[in-house]
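Visitor:
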Amino acid sequence: MKLIAEKRETRSRLFRFGAPLVSVLAALFVAGFLLLAAGVSPAQAYLEIVREALGSGYGLSETLVKATPLIFAGLGVSLAFRMQIWNIGAEGQIYMGAMGASWVALFSGIESHGLMLAGMFCAAFACGGLWAGVAGLLRARWRVNEVIVTLLMNYIAILWVDYLIFGPWKDPKGFNFPLTAQFSEAARFSEYFDTRLHSGFFLALCCALLIYLFMERTIWGYQIKVIGSNPQAARYAGMKTGLAIFLVLFLSGAVAGIAGFSEVAGLQHRLQHGISPGYGYTAIIIAWLAKRSALGVVVVSLLMGVLLVGGDSLQISWQLPIAFVSAFQGLILFFLLAADFFVQYRLRLDRETDHA
Amino acid sequence: MLQIENIRKTFPGVVALDSVSFTVAPGEIHTLLGENGAGKSTLMNVLTGLYRPERGRMLLRGQPVQFGSPRDSLAQGIGMVHQHFMLVAGHSVFENILLALDGIPNLFSRRRLKARVRAVIEEFDLDLDLETPVWKLSIGAQQWIELIKLLMRDCRLLILDEPTAVLTPQESDRLFAVLDKLKAQGKSIIFISHKMREVMAISDRVTVLKKGRSLTTLVRGAFDEKRLAALMIGADRIPRWEKRMHVGKELVLEISDLSVRNDRGLSDLDSFSIKLHRGEILGIAGVAGNGQKALAEVLTGLKTASRGRILAAGYDITRSTARSSYIAGIAHIPEDRKSIGIAPDLTVDENLIMKSFKQRSFRHWIFQNKQAIRRNAEEKIAQFAIKAGPGGSPVRYLSGGNIQKVIIARELSEQPTVLVALYPTRGLDIGSAEYVHKVMADGAGRGMSTLLISEDLDELLKISDRIAVMFRGRLVGCVDPQNTTREAIGLMMSGEVRP
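Protein sequence lines, in the order shown, are assigned to chains A and B.
Position 296 (the first sequence) corresponds to 296 in my numbering; numbering is contiguous.
Position 353 (the second sequence) corresponds to 709 in my numbering; numbering is contiguous.
1. Going by DSSP, name the residue or residues bridged to D701 (chain B).
2. Ignore the nearest five residues each way along the sequence and tell me which others in S494 (chain B)'s own chain have a CB closer than 8 Å to its CB.
3. Take the Cβ of V306 (chain A) as the centre, count every other Cβ of all protein chains shown within 10 Å, and call the residue buried at 16 or more, exposed below.
4. Out of B:R569, B:R828, B:F740, B:D485, which one is the CA nearest neighbour of L708 (chain B)?
5. If you draw a straight line from the C-alpha of A372 (chain B) to the C-alpha of T366 (chain B), how long is it?
6. Would you call the CB atoms of A256 (chain A) and F125 (chain A) closer than 8 Å?
7. Taking the alpha-carbon positions, what's the H633 (chain B) to R766 (chain B) distance?
8. For M552 (chain B), which of B:A586, B:K605, B:T674, B:M414 has the nearest alpha-carbon?
9. Go ahead and pull the three-state DSSP assignment for F547 (chain B).
10. In terms of residues, what are the limits of the alpha helix (DSSP H) holding M826 (chain B)?
11. Where does H793 (chain B) fall in DSSP's three states?
12. Here's the rule I'm using: 16 or more other beta-carbon atoms within 10 Å means buried, otherwise exposed. How should D536 (chain B) be labelled?
13. To be precise: take each residue of the stretch 824-850 of chain B, compare its Cβ to all Cβ atoms of chain A, and keep it if any distance is under 8 Å. Which residues remain?
14. Pull the bridge partners of L514 (chain B) from the DSSP assignment, please.
15. Short check: CB of I453 (chain B) to CB of I501 (chain B), under 8 Å?
16. Please list, in chain order, all residues of the same chain as S448 (chain B) whose beta carbon is under 8 Å from its beta carbon, the five residues on each side excluded.
17. Taking Cβ positions, are L28 (chain A) and A135 (chain A) nearer each other than 8 Å?
18. Is there a C-beta anywhere in chain A that falls below 8 Å from the one on D701 (chain B)?
19. Just the chain B side, please: which residues come within less than 8 Å of Q232 (chain A) by C-beta, in chain order?
20. Check distances from the C-beta atoms of the stretch 525-549 of chain B to those of chain A and list, in chain order, the residues that come in under 9 Å.
21. Using a beta-carbon distance cut-off of less than 7 Å, what residues from the stretch 717-746 of chain B approach chain A?
22. In this structure, does DSSP put V654 (chain B) in helix, strand or coil?
23. Taking the alpha carbon of W103 (chain A) as the point to measure from, which residue in A:G114, A:S112, A:C127 has its own alpha carbon closest?
24. So the candidates are B:K714, B:R822, B:G670, B:A733; which of them puts its Cα closest to the Cα of Q724 (chain B)?
25. List in chain order: all unbroken alpha helix (DSSP H) runs of 4+ residues lying wholly within the stretch 44-89 of chain A.
26. For E384 (chain B), which of helix, strand or coil comes out of DSSP?
27. Can you list, in chain order, the residues of the stretch 619-646 of chain B whose Cβ is nearer than 7 Å to any Cβ on chain A?
28. My understanding is that P382 (chain B) touches S544 (chain B), with C-beta atoms under 8 Å, so please give their C-beta distance in whole angstroms.
29. Within 8 Å of any Cβ in chain B, is that where the Cβ of I219 (chain A) sits?
30. My guess is that G435 (chain B) and C511 (chain B) are in contact by the Cβ rule of under 8 Å, so how many angstroms apart are they, rounded?
31. If you follow the alpha helix (DSSP H) that F628 (chain B) is in, where does it begin and where does it stop?
32. Out of B:R802, B:V795, B:F532, which one is the CA nearest neighbour of I819 (chain B)?
33. Between the C-alpha atoms of W220 (chain A) and F628 (chain B), what's the straight-line distance to the nearest angstrom?
34. Measuring CB atoms only, is the stretch 568-575 of chain B touching the stretch 374-381 of chain B, in the sense that at least three cross pairs come out at less than 8 Å?
35. So, are the CB atoms of F121 (chain A) and F33 (chain A) less than 8 Å apart?
36. When you compare the CB of F15 (chain A) with every CB in chain B, is at least one pair closer than 8 Å?
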């Protein structure tokens with residue numbers, strides 16, 4: 001007897017949309033054992049997560065705040081994934097975006113609120129885009145694997161920002177802390193309902209809508225889909241695949257860069273160490289869970305926001321390490337990849353029968 | 357050595373092997389000859405244990421055998437050199453050979469093993485350095501590695517699947533010298549080819565396959581090129597088709613002295629010249645790999661010519677990209693429909709506009725006009741009788757015939773002046789193939805000229821107005837399908853020039 005994997009002829013809708021749900025449930029189940037090992041009741045912990053993140057106005061606003069950078073980064077990553085270009089460098093692009101925005105905020109001296117934010121937006125867009133564009137150029141010109149390039153450039157970006165805040169950009173009045181000076185009022189997003197919820201969240205929603213329209217309705221989105229599905233056919237239909245690779249990676253990095261802008265303008269009001277605790281990596285999971293759809297990214301990012309806020313409270317009430325949230329995210333991705341296999345293949349037992 | 361009796365193998369809807377019988381003696385080079393689709397590859401896959409036959413039996417040295425997997429047949433001493441080599445490009449020659457060997461102890465003497473490999477290399481006078489990485493070697497040398505792998509495993513029966521398809525004539529000659537030596541050692545060789553010259557040069561016996569049946573086995577001396585060509589192509593009556601001639605005087609395409617070099621620097625197309633008239637269906641006959649693909653690629657802008665000129669309706673389109681060629685009105689049905697004809701994950705609607713998505717009718721400014729795209733798809737699906745399944749499902753779930761219809765519908769929707777079709781009916785069922793023929797004939801009625809590249813002589817004789825025969829990138833000659841025989845074309849396909 002042998003176990004044989006067969007390609008499925010058709011995939012049911014139920015399967016395609018059920019798979020992510022089942023993966024999350026399976027991840028919850030396995031993470032339950034981790035919680036048990038740490039001496040915490042899983043049921044209580046999960047209840048606590050939901051209550052903390054959604055149970056109060058404050059929790060809800062924190063969830064949206066956490067979801068904001070995830071939406072930007074997830075949108076950027078999923079844009080590239082649509083073309084089968086694997087941008088693993090959203091983390092670095094967030095840092096570069098934050099750097100660009102901070103540069104305008106600290107040194108441009110613009111006083112008008114609108115003009116300042118527009119300038120910061122453009123700088124973040126350009127810096128994130130160019131950072132990813134390097135990988136795009138290398139990939140389009142010399143077929144250098146973009147996974148390696150984008151991944152390694154993360155470290156460069158993070159260390160570069162560290163250099164700036166420990167060195168030339170350090171606030172002279174900051175008691176030698178590795179921080180830049182506080183941004184002026186003009187360079188800060190408005191905040192709402194007396195919480196930390198800032199305009200960045202609404203910008204993220206607009207961005208998601210724009211990217212949805214871009215991918216599903218425009219002739220450029222169409223070309224990205226054709227190239228992603230079969231680059232040879234695209235070339236044969238006369239599409240310029242090299243240029244498309246560069247532009248899509250640029251755009252992907254630019255959108256991730258806006259996450260950096262939104263973080264410094266909305267939350268930190270300065271550039272400092274650790275502005276992104278791995279949002280760029282979480283974005284990969286989000287893009288995958290959302291099946292690379294722009295609107296899906298919003299939904300999944302909100303769920304991840306719940307997890308992050310809830311995870312924070314687990315730290316406080318049970319002294320669980322933040323690594324638990326990362327482990328949980330890893331489990332989700334793990335089960336998701338496995339589920340993808342079962343969506344595409346069916347397993348069958350082959351009894352050694354003779355077909356004669 | 358090996359005895360094959362009444363082997364039958366079917367796939368859903370196709371009888372690949374109907375009834376095949378032949379024997380292979382020790383120390384013999386036995387050639388299997390047949391057109392594409394005659395069942396050669398299926399037969400080899402049965403011999404190497406990839407497929408299990410439904411009927412019939414195989415005897416190896418008098419003992420009935422059944423293979424569950426290629427491993428079983430290899431254990432019995434049957435080895436195969438595939439058309440596509442199974443080598444790790446970054447590894448050295450020795451490492452590649454090592455990979456193929458079973459039963460190497462965990463601690464082994466590299467030196468002793470190398471000595472064994474060297475002995476084989478010297479025995480056959482091969483010029484091969486064990487430490488060179490495989491990617492640095494010529495195709496011919498890579499093939500030797502495959503052979504050495506089998507010899508190290510003591511294979512008694514070697515199967516070579518069109519080994520010369522990728523070789524230069526000089527490399528082929530060296531290969532034949534090696535095969536002769538192997539024969540002298542008492543090894544049996546099954547040689548698969550459809551190049552007549554080589555078959556004549558090295559075979560001891562030839563078995564002709566046609567439509568899944570073994571027609572006959574001829575001993576050396578009992579066959580010559582003419583007889584083999586006649587057997588292979590068959591003496592069936594040429595089906596006549598009430599065809600109206602639409603050939604006009606006007607020249608739509610004029611190819612003169614066109615040469616195309618391939619990646620290895622050899623000429624795929626060598627001083628090729630031909631003229632295509634308005635409304636003409638020009639068949640291009642030839643054994644695959646004699647430059648037809650290069651001709652199609654250069655016409656559709658996927659490759660550039662190294663010499664010569666292409667004039668379309670008087671305009672020089674020799675140097676232009678796929679898009680500008682398309683604007684010049686050349687449509688293309690590619691050879692490998694799944695790999696370059698469609699975007700498999702996109703819907704039928706989206707695939708149908710792959711070349712025309714930029715047209716004003718399919719967009720408002722930068723936005724796609726979904727209604728127009730849907731309407732276009734509905735029109736095409738009805739017109740070409742495409743069984744498209746529910747709307748929104750990816751095109752890859754369609755059958756081969758329907759995928760081909762999608763491609764044809766897309767290519768013909770622009771009212772092209774020239775259609776370049778490569779093997780457009782390969783792998784299609786009779787109904788779909790008939791449909792494709794009708795589309796081309798109808799197109800001719802509207803003044804479209806077709807360049808039909810095919811290996812199927814039935815098809816060419818049925819719908820072409822003129823048949824040009826290619827051999828090694830050159831034009832051998834043109835014949836009128838009304839006054840020719842399959843034998844004459846078959847001979848020209850093997851390179852013999854006939855008036």
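Every residue, glycine too, gets a C-beta built ideally from N, C-alpha and C.
From a predicted model like this one, the values you see are computed outputs, not experimental measurements.
Guide: A quick look at the data gives this:
1. Residue pairing from DSSP leaves D701 (chain B) without any beta-bridge partner.
2. Apart from the 5 residues on each side of it in sequence, S494 (chain B) sits with its Cβ closer than 8 Å to the Cβ of E527 in its chain, given in chain order.
3. With 16 or more other CB atoms across the displayed protein chains lying within 10 angstroms of its CB, V306 (chain A) is buried.
4. Nearest of B:R569, B:R828, B:F740, B:D485 to L708 (chain B), Cα basis: B:F740.
5. Those two C-alpha atoms are separated by around 5 Å.
6. No, the Cβ-Cβ distance between A256 (chain A) and F125 (chain A) is not below 8 Å.
7. Their Cα atoms are separated by approximately 23 Å.
8. For the residues B:A586, B:K605, B:T674, B:M414, the minimum Cα distance to M552 (chain B) belongs to B:A586.
9. It is a strand residue.
10. Note, M826 (chain B): premise wrong, no alpha helix (DSSP H); beta strand (DSSP E) at 822-827.
11. Correct three-state label for H793 (chain B): helix.
12. Classification for D536 (chain B): exposed.
13. From the stretch 824-850 of chain B, no residue has a Cβ closer than 8 Å to chain A.
14. Beta-bridge analysis with DSSP links L514 (chain B) to B:G435, B:I545.
15. Closer than 8 Å, so yes.
16. So the list reads L486, E487, T488, P489, V490, once near-sequence residues are dropped.
17. The Cβ-Cβ distance between L28 (chain A) and A135 (chain A) does not fall below 8 Å.
18. At least one chain A Cβ lies under 8 Å of D701 (chain B).
19. Within chain B, the residues near Q232 (chain A) are S695, I696.
20. Among the residues of the stretch 525-549 of chain B, none has a Cβ less than 9 Å away from any Cβ of chain A.
21. Answer set for the stretch 717-746 of chain B: R719, I722, F723, Q724.
22. In the three-state DSSP reduction, V654 (chain B) falls in the helix class (H, G or I).
23. Selected option, being the one with the closest Cα: A:C127.
24. Comparing Cα-Cα distances from Q724 (chain B) to each of B:K714, B:R822, B:G670, B:A733, the minimum goes to B:K714.
25. Entirely contained in the stretch 44-89 of chain A, the alpha helix (DSSP H) runs reaching 4 residues are, in chain order, 57-82.
26. If DSSP states are grouped into helix, strand and coil, E384 (chain B) belongs with coil.
27. Considering only beta carbons, no part of the stretch 619-646 of chain B lies closer than 7 Å to chain A.
28. About 6 Å separates the two Cβ atoms, so the contact holds.
29. Interface residue, yes.
30. 4 Å between Cβ atoms; contact.
31. From DSSP, F628 (chain B) is part of no alpha helix (DSSP H) but of the beta strand (DSSP E) over 623-633.
32. Closest by alpha carbon: B:V795.
33. Each residue's CA atom was taken as its position, placing W220 (chain A) and F628 (chain B) some 39 Å apart.
34. Using a C-beta cut-off of 8 Å, the stretch 568-575 of chain B makes contact with the stretch 374-381 of chain B, since at least three inter-stretch Cβ pairs fall below that distance.
35. No; because the gap between Cβ atoms is not below 8 Å, this pair is not in contact.
36. Taking Cβ atoms only, chain B never reaches closer than 8 Å to F15 (chain A), which makes this a no.
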